[in-house]
Amino acid sequence: MAKRAAVKDEKKPAAKRKPAVKKSDKPRPTYHTTDIDPATYPPMPPPRVPDNSMLIGAHVGISGGIPTIVERLTSLGEHCNAAALFVGSSRSWKPRKIEDKEIDEFKEAMDSNNISYDAILPHAPYICNLGSLDPVTYRNSVERVVKDLQTIRRLGVRLYNIHPGTVNKGATKPETVTRVAEAVTEVLGRVPDVIMVLETTSGSKYDTKLGGCFEDMADIIKEVDPSVRDRVKVCIDTQHSHAWGHSVQTKEGWLGVLSAFDSIVGLDRLCAFHINDSLTEKASRVDKHAPLGGGTIGWGCFEALMSLDICRDKPLIIETPDPSRWPREIEALHGFGEIASLRAAVERDSAVKAEGGLVSLTEGEAEGEGDVVDIEDSAVEISEDPDAENLLA
1 MAKRAAVKDE
11 KKPAAKRKPA
21 VKKSDKPRPT
31 YHTTDIDPAT
41 YPPMPPPRVP
51 DNSMLIGAHV
61 GISGGIPTIV
71 ERLTSLGEHC
81 NAAALFVGSS
91 RSWKPRKIED
101 KEIDEFKEAM
111 DSNNISYDAI
121 LPHAPYICNL
131 GSLDPVTYRN
141 SVERVVKDLQ
151 TIRRLGVRLY
161 NIHPGTVNKG
171 ATKPETVTRV
181 AEAVTEVLGR
191 VPDVIMVLET
201 TSGSKYDTKL
211 GGCFEDMADI
221 IKEVDPSVRD
231 RVKVCIDTQH
241 SHAWGHSVQT
251 KEGWLGVLSA
261 FDSIVGLDRL
271 CAFHINDSLT
281 EKASRVDKHA
291 PLGGGTIGWG
301 CFEALMSLDI
311 CRDKPLIIET
321 PDPSRWPREI
331 EALHGFGEIA
341 SLRAAVERDS
351 AVKAEGGLVS
361 LTEGEAEGEG
371 DVVDIEDSAV
381 EISEDPDAEN
391 LLA
């Protein structure tokens with residue numbers, strides 16, 4: 001009995017395991033995007049004619065196909081008329097294949113719903129780093145961006161949003177800026193008509209993330225080849241600006257931020273906004289979005305921003321974490337913009353004369369050819385409208 005127990009206790013020799021293959025030792029494929037003859041692209045829709053309107057939307061998904069983004073957009077309410085999207089997977093180098101049928105259905109949906117192609121702001125995959133030192137990551141980033149640009153060009157969309165890039169260990173910021181500029185030059189040279197939109201970032205603790213300061217954007221744009229430089233624009237993200245350290249909670253703060261942007265980059269380069277509240281404090285250098293009014297920025301930021309003319313005719317894209325709130329957030333932003341427009345109209349139409357407290361209605365009336373309305377009488381008429389107090393408050 002004891003002998004059998006001893007045999008039972010004997011351990012079998014462990015099976016030899018194959019040595020683990022390190023992730024860094026595995027072959028990493030480099031993808032290549034075949035260039036398309038520019039002459040074969042369909043005609044671009046005419047550029048949107050600015051009409052001082054608000055273009056407000058959210059970042060929507062594309063499951064079910066590209067054409068479904070229009071349905072998703074319109075489902076967010078009557079004032080949702082803009083959108084962002086990933087053209088394919090945001091975590092894979094392999095682009096999604098878009099058939100011609102999808103392109104046609106997308107355009108039909110856009111046209112039938114009277115949505116501007118310039119209100120669509122596709123976003124580059126998060127894995128792209130146009131400043132990468134690693135040759136495989138750099139090349140895959142460039143090729144994926146080229147493929148996305150080819151797709152949006154076929155869709156008739158011009159804008160393409162991307163984070164500028166990250167400074168790798170062993171690289172300097174100036175070297176990374178140069179690589180990003182070279183990549184932007186290459187991709188725009190390979191795809192006509194489209195516009196690269198560099199997004200401002202929150203920066204990072206060790207200053208390895210480009211785009212926190214406006215100087216990064218100016219430096220990149222300056223190094224882009226002049227032949228395509230006019231097709232490089234900038235998107236300001238409200239959360240990223242707050243996390244970087246900009247004062248964005250009041251109108252005065254925004255005027256200061258935009259003045260600095262104008263002097264460093266130029267307001268002619270600003271073409272879009274990402275509208276987000278922040279889970280982190282000012283100058284945290286951490287990118288974490290919160291629902292509008294539910295973070296450390298607060299509603300005052302968005303009311304102030306929407307009162308500025310600079311927001312007119314530019315895509316204003318919500319990227320907040322709770323999609324169920326998007327219709328109300330879009331409605332709130334639209335309301336802020338409408339109130340600002342009403343106030344501006346009242347101030348413009350009043351043209352109050354310093355002496356006499358009178359308002360001239362027309363040039364002819366100012367010369368005595370018509371009646372002159374006393375401003376107090378006019379004020380009484382406004383106050384009799386039950387909605388006027390709320391609209392102008």
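Count the sequence shown with full-length UniProt numbering and you get residues 1 to 393, in order.
Backbone N, C-alpha and C define an ideal beta-carbon position, used for all residues, glycine too.
Exercise. Sorted by chain position, which residues of the same chain lie with C-beta nearer than 6 Å to Lys233's C-beta, five sequence neighbours on each side aside?
Worked result: Sequence index remark: in the sequence shown, residue 233 carries index 233 (1-based). When the five nearest sequence neighbours on each side are left out, the beta carbons in the same chain lying within less than 6 Å of the beta carbon of Lys233 are those of Ile195, Val197, Arg269 and Cys271, in order along the chain.
Exercise. Cα-Cα, which of Lys251, Thr201 and Leu210 is closest to Ser241?
Worked result: Position 241 of the sequence shown, counted from the first residue, corresponds to residue 241. Distances from the CA of Ser241 to each of Lys251, Thr201 and Leu210 were compared; the closest alpha carbon is that of Thr201.
Exercise. Quick one: what's Lys209 bridged to in DSSP?
Worked result: Within the sequence shown, numbered from 1, the residue matching residue 209 stands at position 209. The beta-bridge partner set that DSSP reports for Lys209 consists of Thr166.
For this session: From the DSSP output, in three-state form, read off Lys288 for me.
Result: Stepping through the sequence shown from its first residue, residue 288 is reached at position 288. Coil at Lys288, not helix or strand.
Exercise. Measuring CB to CB, does Arg60 end up less than 7 Å from Arg48?
Worked result: Here the question's residue 60 lines up with position 60 in the sequence shown. Here the question's residue 48 lines up with position 48 in the sequence shown. Strictly speaking, residue 60 in this sequence is Val, with Arg absent from that position. No. Outside cutoff.
Exercise. Roughly how many angstroms lie between the CA atoms of Pro125 and Ser63, to the nearest whole one?
Worked result: If you number the sequence shown from 1, residue 125 lands on position 125. If you number the sequence shown from 1, residue 63 lands on position 63. C-alpha separation (whole angstroms): 16 Å.
Exercise. Given that a residue counts as buried once 16 or more other Cβ atoms are within 10 Å of its Cβ, and exposed if not, what is Tyr206?
Worked result: Here residue 206 is taken as the residue at index 206 of the sequence shown, counted from 1. Result: exposed.
For this session: Per DSSP, which residues does Ile195 bridge with? Please list them.
Result: Position 195 of the sequence shown holds residue 195. Beta-bridge pairing by DSSP links Ile195 to Leu159.
For this session: Over the uninterrupted alpha helix (DSSP H) stretch that includes residue 414, give me the two end residues.
Result: Residue 414 lies beyond the residue range present for the chain, which begins at 1 and ends at 393; the question has no answer from this structure.
Exercise. Does DSSP classify Leu121 as helix, strand or coil?
Worked result: Position 121 of the sequence shown, counted from the start, is the residue given in the question as residue 121. In the three-state DSSP reduction, Leu121 falls in the strand class (E or B).
Exercise. When you compare each of Leu130, Thr74 and Pro42 to Trp326 by their alpha carbons, which one comes out closest?
Worked result: On the sequence shown, residue 326 is found 326 positions in, with the first residue counted as 1. Thr74 is the residue among Leu130, Thr74 and Pro42 whose C-alpha sits nearest the C-alpha of Trp326.
Exercise. Does the separation of the CB atoms of Gly88 and Ile317 fall below 7 Å?
Worked result: As a first step, residue 88 is located in the sequence shown; it is residue number 88 there, counting from the start. As a first step, residue 317 is located in the sequence shown; it is residue number 317 there, counting from the start. Cβ atoms of Gly88 and Ile317: not closer than 7 Å.
Exercise. Within the chosen definition, does the stretch 104-112 reach the stretch 126-145 through at least 3 CB pairs nearer than 8 Å?
Worked result: By the C-beta criterion, the stretch 104-112 is judged not to be in contact with the stretch 126-145, since fewer than 3 inter-stretch pairs fall below 8 Å.
Problem set entry | C-beta atoms of Gln249 and Cys301 nearer than 7 Å | As a position in the sequence shown, residue 249 is number 249, starting the count at 1. As a position in the sequence shown, residue 301 is number 301, starting the count at 1. Closer than 7 Å, so yes.
Problem set entry | Neighbour-count burial assignment, Val380, 16 or more Cβ in a 10 Å radius | Taking the first residue of the sequence shown as 1, we reach residue 380 at position 380. Caution is warranted here: a pLDDT of 31 is assigned to Val380, below 50, making its placement in the model unreliable, and the coordinate value is therefore given only provisionally. Val380 comes out exposed.
Problem set entry | Cβ neighbour criterion (16 or more within 10 Å) applied to Leu55 | In the sequence shown, residue 55 corresponds to position 55, counting from 1. Label assigned to Leu55: buried.
Exercise. Exposed or buried, which one is Ala83 when buried takes at least 16 other CB atoms within 10 Å?
Worked result: Numbered from its first residue, the sequence shown carries residue 83 at position 83. It counts as buried.
For this session: Return the CA-CA distance between Leu133 and Ala171, expressed in angstroms with no decimal places.
Result: Taking the first residue of the sequence shown as 1, we reach residue 133 at position 133. Taking the first residue of the sequence shown as 1, we reach residue 171 at position 171. Leu133 and Ala171 have their C-alpha atoms roughly 7 Å apart.
For this session: Figure out for me which residue from Asp225, Ala344 and Val180 has the closest Cα to the Cα of Gly211.
Result: Against the sequence shown, residue 211 aligns to sequence position 211. Measuring C-alpha to C-alpha distances from Gly211 to each of Asp225, Ala344 and Val180 identifies Val180 as the nearest.
Exercise. Among the residues of its own chain, which have a CB less than 6 Å from the CB of Ser247, if the five just before and after it don't count?
Worked result: Taking the first residue of the sequence shown as 1, we reach residue 247 at position 247. Gly253, listed in sequence order.
Exercise. Does the beta-carbon distance from Glu102 to Ile152 come in below 7 Å?
Worked result: For the purposes of this step, residue 102 is taken as the residue at position 102 of the sequence shown. For the purposes of this step, residue 152 is taken as the residue at position 152 of the sequence shown. Taking 7 Å as the Cβ cut-off, Glu102 and Ile152 do not qualify as a contacting pair.
Problem set entry | beta strand (DSSP E) segments (min. 3 residues) lying fully within the stretch 58-117 | Unbroken beta strand (DSSP E) runs of no fewer than 3 residues, entirely contained in the stretch 58-117, are found at 82-86, following chain order.
Exercise. Going by the CB atoms, is the gap between Leu121 and Leu149 shorter than 7 Å?
Worked result: As a first step, residue 149 must be located in the sequence shown, where it is residue number 149. As a first step, residue 121 must be located in the sequence shown, where it is residue number 121. No, the pair does not count as a contact, with Cβ atoms beyond the cut-off.
Exercise. What are the residues that DSSP puts in a beta bridge with Ile152?
Worked result: Along the sequence shown, one-based indexing puts residue 152 at 152. Beta-bridge partners assigned by DSSP to Ile152: none are found.
Exercise. Buried or exposed: where does Thr40 fall if 16 or more other Cβ atoms within 10 Å of its Cβ makes it buried?
Worked result: In the sequence shown, residue 40 corresponds to position 40, counting from 1. Classification for Thr40: exposed.
Exercise. Where do the N-terminal and C-terminal ends of the alpha helix (DSSP H) with Lys173 fall, by residue?
Worked result: Taking the sequence shown and counting its residues from 1, one reaches residue 173 at position 173. Lys173 to Arg190 is the span of the alpha helix (DSSP H), which, as asked, contains Lys173.
Problem set entry | Tyr138 to Ala183 span [Cα, whole Å] | Here residue 138 is taken as the residue at index 138 of the sequence shown, counted from 1. Here residue 183 is taken as the residue at index 183 of the sequence shown, counted from 1. Using only the alpha carbons, I get a separation of about 9 Å.
Exercise. Hey, how far is the Cα of Val224 from the Cα of Val346?
Worked result: As a position in the sequence shown, residue 224 is number 224, starting the count at 1. As a position in the sequence shown, residue 346 is number 346, starting the count at 1. Straight through space, the alpha carbons of Val346 and Val224 are spaced by roughly 44 Å.
Problem set entry | Own chain residues within Cβ distance below 8 Å of Lys314, not counting five before or after | Taking the first residue of the sequence shown as 1, we reach residue 314 at position 314. These residues qualify, in order along the chain: Leu55, Leu270, Cys271, Ala272 and Phe273.
Problem set entry | Residues that Pro315 bridges to, as DSSP identifies them | Within the sequence shown, numbered from 1, the residue matching residue 315 stands at position 315. The beta-bridge partner set that DSSP reports for Pro315 consists of Leu55.
Problem set entry | Cβ-based neighbour list, Ile236, same chain, cut-off 6 Å, excluding 5 preceding and 5 following | Taking the sequence shown and counting its residues from 1, one reaches residue 236 at position 236. Counting only Cβ-Cβ distances below 6 Å, and skipping sequence neighbours, we find Thr200 and Phe273.
Exercise. Are Val177 and Ile220 touching if we call contact CB-CB under 7 Å?
Worked result: Working through the sequence shown from its first residue, we reach residue 177 at position 177. Working through the sequence shown from its first residue, we reach residue 220 at position 220. Yes; because the gap between Cβ atoms is below 7 Å, this pair is in contact.
Exercise. Could you give the distance in angstroms between the alpha-carbon of Gly165 and the alpha-carbon of His334?
Worked result: Stepping through the sequence shown from its first residue, residue 165 is reached at position 165. Stepping through the sequence shown from its first residue, residue 334 is reached at position 334. Put simply, the backbone Cα of Gly165 is about 32 Å away from that of His334.
Problem set entry | Reference Pro27; option with closest CA among Asp51, Ser324, Asn113 and Val136 | Here residue 27 is taken as the residue at index 27 of the sequence shown, counted from 1. Selection Asp51, Ser324, Asn113 and Val136 evaluated against Pro27 yields Val136 as nearest (Cα-Cα).
For this session: Grab me the residues of Arg91's own chain with a C-beta within less than 8 Å of its C-beta, minus the 5 sequence neighbours each way, in chain order.
Result: Reading the sequence shown from its first residue, position 91 is the one you call residue 91. So the qualifying residues of the chain are Pro125, Tyr126 and Ile127.
Problem set entry | Whole-angstrom C-beta distance between Lys251 and Ala332, which should lie under 8 Å | If you number the sequence shown from 1, residue 332 lands on position 332. If you number the sequence shown from 1, residue 251 lands on position 251. Your pair Ala332 and Lys251 does not check out as a contact, with CB atoms roughly 17 Å apart and the cut at 8 Å.
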